[in-house]
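Input: a single structure, listed below in structure tokens.
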Amino acid sequence: MTERIGVLCSPLNTTTNVSASSINPNFPIDNMLDEHPKMLFKSNSTSDLTVTATMIAGSECLFIFNTNATSINITSLDFANGEWFAGNEWFAGNEWFAKFPLEIPSEIFESGENNTMGITFNAIESNKSVELVFSNVDHDVINIGILWSGSIEWTNNYMYGMAESQVDYSILKPLSNGATYYKKRDVVRSFSGTVLESPEVMDKMLLDVSRKYGLKSMPWIISDLNDDNRWKIFGRLNEPISTTYNDCKHNELNINIIEVL
Amino acid sequence: MSVYITTTINSTDHYVSNEFIHDIHMWDAKVEEVSNITSVIEYQYGGYMRPQYGSITFIPTLFKNDFPPPETIESSIKVGDTESGAIQLCESLCSLGLYDREIISYNAIGTAKQDYDSDNSFSGTLIDMFNWACDSSRLNYTLDTTHARTPSPAISKTLSGDNLIVDMLSEASAYFSHYFYIEGNTLYLIDMFANTGSKTLSEFDYTPVSYQSSEDISLLTSGGYSILGSTPSGHQIDIDPWHTAQSNIESALQNIKISLEKDLITLELSHINNNIAIGNQVTFTDQSMIGDTTTTFIVTKINFNISVDDERMIIEGRGITTSI
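Chains as they are written, first to last, in our numbering: chain D, 4 to 264; chain H, 4 to 327.
Now the structure itself:
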């Protein structure tokens, strides 16, 4: 694992054996395993929610998207190699990020923007059961958009010139008197830029991600050169990754990502 | 205001919309477009408010467990701020239309009951005829005449051959400037000049409006009797009579003339408003033209179009525009 993640993705959700302590039958567990963060799983009570899942061998990340939990306590993540310890807990804020090895609290991000948690760690050697306890400080019924674990691919930082923009799906129309009718709907983010990488990483991103999975939705972590800015989005490639062969040691990869709903 | 569409595919209910909504159910964004869900009165002056259900286009993943898509599905479309408070726009059997790798489209074909009648004579009143038609041996609806005219217009009509009962009711009610609609197991008979609810709209509620001037009518004729229209050089209208007496026919024609000689107002609302229904008297002020006006009209047509990037509701009716 590089110390300076630029663009990271996890193409395939390999989480299995997912169960929850409480389930609203109208919002089943399948909803947190599909690829729409806005298709919600919901608990059927206002108590803390315990979700148990198995991460298969080789998993290197754990993501939660679109949850209203104000804290998540991972109570039984116990890696044999000692790179993780039980009982790590994230409080307050709505967005968390931690990169293994943990340096809590310095690695915790609390942007409060996206109700998201993302953790990366060294690949686990065998299947691991993980138990997550979701709590909401106001005792709202817990909902979860995506629960995801799997292997990862990553690159260096975007080069200077990396861009963030937004796509607004709202409805806007002029009214008779010149005023505007506006119905706010979802606004998603998109990120684009160029990464300078080795031919080996270029091969992984071009073949193992872009060609193999196309424009499939998956979790992404995106950083710019300022490490304070880091985004975790559930998105997809807006277009297939393209590359320029600069010389025998360097490729420029154009990676354009858009958030999905 | 959100759109809630319950679609039953091979006996399984699916909760879908043009956006993700989590309420009592999780409404999945699987609807590409709902086009031309329309309630419209059959004649400009009355008749059956015959639902024209339009079509519903789904995103193919809705049918991932039911592919190829079945010939028929059922859909119920509601709009509202919440799932429990949503009001039903239509409930319909849907017949498979066009489908390809990007969309699966169904045409809504309604669920109205139908019956026919042969060689019958009608006398008494319009309400008497509707009572006869709604009898349990025929259409089997409960008749609601709360907003029908009092006294009910007299009918005298002999029909030969086979006739569809709903079509007969549509013609008869239009002739006497009534309209009717069916909701659940109730048939509502309503005077075209009755106000089923007054609604006032401001210029923040609608997009630029168009006005279509009234029909130019020179003569209205029925059963050999005629009355003059207001435009001597206009066209003539001949309507099949539902009475034989001159005074009854002329009275009916006068009412038809009043309806037809009003301007046709088409108003696109800024958003779907489930508070406006057919028969409502809508008043709005328009200060966007060369002169300021107020218009009052009775809604005789409502049209809905819903897609992933737009929601439109268009109401139409005949009314009078005056300067302010």
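Don't be surprised by glycine CBs; every beta carbon is placed ideally from N, CA and C.
Everything numeric in this text was worked out from a predicted model, so none of it was measured.
Same chain, Cβ closer than 6 Å to residue i, neighbours up to 5 away in sequence not counted
{"i": "G227/H", "result": "none"}
{"i": "F207/H", "result": "none"}
{"i": "D290/D", "result": "No statement about residue 290/D is possible, as the shown extent of chain D runs from 4 to 264 and does not include it."}
{"i": "N110/H", "result": "S58, S98, G100"}
{"i": "Y184/H", "result": "M52, Y191"}
{"i": "Y19/D", "result": "For the sequence presented, residue 19/D should be read as Thr rather than Tyr. Closer than 6 Å at the Cβ level, and outside the excluded window around T19/D, lie T57."}
{"i": "Q215/H", "result": "L267"}
{"i": "T269/H", "result": "S213, E319"}
{"i": "P156/H", "result": "L129, F179"}
{"i": "S48/D", "result": "S25"}
{"i": "W43/H", "result": "The residue you asked about is not Trp; residue 43/H is Val in the sequence shown. Only K304 meet the Cβ criterion."}
Residue i versus residue j: straight-line alpha-carbon distance, rounded
{"i": "S74/D", "j": "N29/D", "result": "24 Å"}
{"i": "S213/H", "j": "R321/H", "result": "12 Å"}
{"i": "L223/H", "j": "R141/H", "result": "34 Å"}
{"i": "G148/D", "j": "E22/H", "result": "15 Å"}
{"i": "E200/D", "j": "F124/D", "result": "22 Å"}
{"i": "E314/H", "j": "A151/H", "result": "33 Å"}
{"i": "T189/H", "j": "Q290/H", "result": "41 Å"}
{"i": "L43/D", "j": "I67/D", "result": "12 Å"}
{"i": "Q169/D", "j": "V6/H", "result": "25 Å"}
{"i": "T183/D", "j": "P211/H", "result": "12 Å"}
{"i": "M35/D", "j": "M29/H", "result": "12 Å"}
{"i": "M4/H", "j": "M195/H", "result": "29 Å"}
{"i": "S46/D", "j": "D16/H", "result": "21 Å"}
{"i": "D250/D", "j": "G196/D", "result": "19 Å"}
{"i": "T324/H", "j": "M292/H", "result": "12 Å"}
{"i": "E98/D", "j": "Y209/H", "result": "The pLDDT assigned to E98/D is 37, lower than 50, so where the model puts this residue is not dependable, and the model offers no usable value."}
{"i": "M316/H", "j": "D118/H", "result": "32 Å"}
{"i": "A32/H", "j": "P63/H", "result": "11 Å"}
{"i": "K235/D", "j": "T247/D", "result": "26 Å"}
{"i": "S22/D", "j": "I59/D", "result": "15 Å"}
{"i": "D138/H", "j": "Q257/H", "result": "31 Å"}
{"i": "I2/H", "j": "F307/H", "result": "Only positions 4 to 327 of chain H appear in the structure, and residue 2/H is not among them; the question remains open."}
{"i": "G181/D", "j": "S273/H", "result": "12 Å"}
{"i": "N91/D", "j": "Q91/H", "result": "Annotation note: pLDDT 37 at N91/D (below 50); position unreliable, coordinate value reported separately. Approximately 49 Å between the Cα atoms of the pair."}
{"i": "L204/H", "j": "F287/H", "result": "5 Å"}
{"i": "T17/D", "j": "V191/D", "result": "26 Å"}
{"i": "E86/H", "j": "S24/D", "result": "26 Å"}
{"i": "I230/H", "j": "A177/H", "result": "17 Å"}
{"i": "E128/D", "j": "W157/D", "result": "20 Å"}
{"i": "I261/D", "j": "N241/D", "result": "6 Å"}
{"i": "N134/H", "j": "T145/H", "result": "9 Å"}
{"i": "L162/H", "j": "G49/H", "result": "20 Å"}
{"i": "S78/H", "j": "S108/H", "result": "12 Å"}
{"i": "D143/D", "j": "N277/H", "result": "30 Å"}
Contact set for residue i: own chain, Cβ-Cβ below 7 Å, skip 5 residues either direction
{"i": "S220/D", "result": "E38, F237, G238, R239, V263"}
{"i": "N139/D", "result": "N71, A72, T73, I145"}
{"i": "V311/H", "result": "N21, E35"}
{"i": "I158/H", "result": "F125, S126, G127, T128, L129, M132, A175, W245, H246"}
{"i": "M162/D", "result": "G196, T197, V198, L199"}
Cβ neighbours of residue i in the same chain (closer than 8 Å, five flanking residues each side left out)
{"i": "S121/H", "result": "G164, D165, N166"}
{"i": "Q249/H", "result": "Y228"}
{"i": "L15/D", "result": "G153, S154, Y216, M221"}
Near the ligand COA: residue i beta-carbon under 6 Å from a heavy atom
{"i": "D266/H", "result": "Summarising the ligand content, the structure contains no ligands, and the ligand COA is consequently not present."}
Can you give me, in chain order, the residues of the segment 178-193 of chain D that have a beta carbon less than 8 Å from any beta carbon in chain H? Answer set for the segment 178-193 of chain D: L178, S179, N180, G181, A182, Y184, K186, R188, D189.
Any C-beta of chain D within less than 8 Å: which residues of the segment 193-212 of chain H qualify? Within the segment 193-212 of chain H, the residues whose Cβ lies closer than 8 Å to some Cβ of chain D are E206, F207, D208, Y209, T210, P211, V212, listed in chain order.
Any 3 or more C-beta pairs closer than 8 Å across the segment 150-162 of chain D and the segment 46-62 of chain D: Remark: three or more beta-carbon pairs, one from each stretch, lie closer than 8 Å, so the segment 150-162 of chain D and the segment 46-62 of chain D are flagged as touching.
According to a CB-to-CB cut-off of less than 8 Å, which residues of the segment 22-38 of chain H neighbour chain D? Those residues of the segment 22-38 of chain H that come within reach of chain D (Cβ to Cβ, closer than 8 Å) are E22, F23, H25, I27, H28, M29, D31, A32.
Are the segment 6-20 of chain H and the segment 39-47 of chain H touching by the rule of at least three beta carbon pairs closer than 8 Å? Short answer: they don't touch.
Please determine if the segment 236-247 of chain H and the segment 269-284 of chain H are in contact, where contact requires at least 3 C-beta pairs separated by less than 8 Å. No, the segment 236-247 of chain H does not touch the segment 269-284 of chain H.
Against chain H: residues of the segment 26-45 of chain D by CB proximity under 8 Å: Residues N29, F30, N34, H39, K41, M42, L43, K45.
Every unbroken beta strand (DSSP E) inside the segment 177-224 of chain D [3 residues or more]: Restricted to the segment 177-224 of chain D, the beta strand (DSSP E) segments that are unbroken, complete and at least 3 residues in length are 183-186, 190-200, listed in chain order.
Three or more beta-carbon pairs under 8 Å between the segment 11-25 of chain D and the segment 206-223 of chain D, yes or no? The segment 11-25 of chain D is in contact with the segment 206-223 of chain D.
Given 8 Å, three or more beta-carbon pairs between the segment 47-54 of chain H and the segment 72-80 of chain H: Taking 8 Å as the limit for Cβ pairs, the verdict is that the segment 72-80 of chain H does not touch the segment 47-54 of chain H.
What residues from the segment 155-180 of chain D come within 8 Å of chain H, judged by C-beta to C-beta, listed N to C? Hits within the stretch, in order: Y172, I174, K176, P177, L178, S179, N180.
Restricting to runs no shorter than 4 residues, where is the alpha helix (DSSP H) found entirely within the segment 105-192 of chain H? Entirely contained in the segment 105-192 of chain H, the alpha helix (DSSP H) runs reaching 4 residues are, in chain order, 129-137, 168-178.
Closer than 8 Å, Cβ to any Cβ of chain D: which residues of the segment 285-307 of chain H, in chain order? Under the 8 Å Cβ criterion, the segment 285-307 of chain H contributes D289, Q290, S291.
Are there three or more Cβ pairs, one per stretch, closer than 8 Å when the segment 195-213 of chain D is compared with the segment 238-256 of chain D? Yes, since at least three Cβ pairs between the segment 195-213 of chain D and the segment 238-256 of chain D fall closer than 8 Å, the two stretches touch.
Chain H contacts made by the segment 41-71 of chain D, where a contact means CB separation under 9 Å: Of all residues in the segment 41-71 of chain D, K41, M42, L43, F44, K45 have a Cβ within less than 9 Å of some Cβ in chain H.
To be precise: take each residue of the segment 11-22 of chain H, compare its Cβ to all Cβ atoms of chain D, and keep it if any distance is under 7 Å. Which residues remain? Residues of the segment 11-22 of chain H whose Cβ lies closer than 7 Å to any Cβ of chain D, in chain order: E22.
With a floor of 4 residues, list each alpha helix (DSSP H) that falls wholly inside the segment 226-291 of chain H, ordered by position along the chain. Uninterrupted alpha helix (DSSP H) stretches at least 4 residues long and entirely within the segment 226-291 of chain H occur at 249-263, given in chain order.
Any C-beta of chain D within less than 8 Å: which residues of the segment 263-288 of chain H qualify? Within the segment 263-288 of chain H, the qualifying residues are S273, H274.
Under 9 Å (Cβ pairs) to chain H, residues found in the segment 249-264 of chain D: Identification of residues in the segment 249-264 of chain D having a C-beta nearer than 9 Å to some C-beta of chain H yields L264, given in sequence order.
Entirely within the segment 31-118 of chain H and at least 3 residues each: give me those beta strand (DSSP E) ranges in chain order. List check, beta strand (DSSP E) in window: 34-46, 49-55, 58-61, 75-83, 90-102, 107-113.
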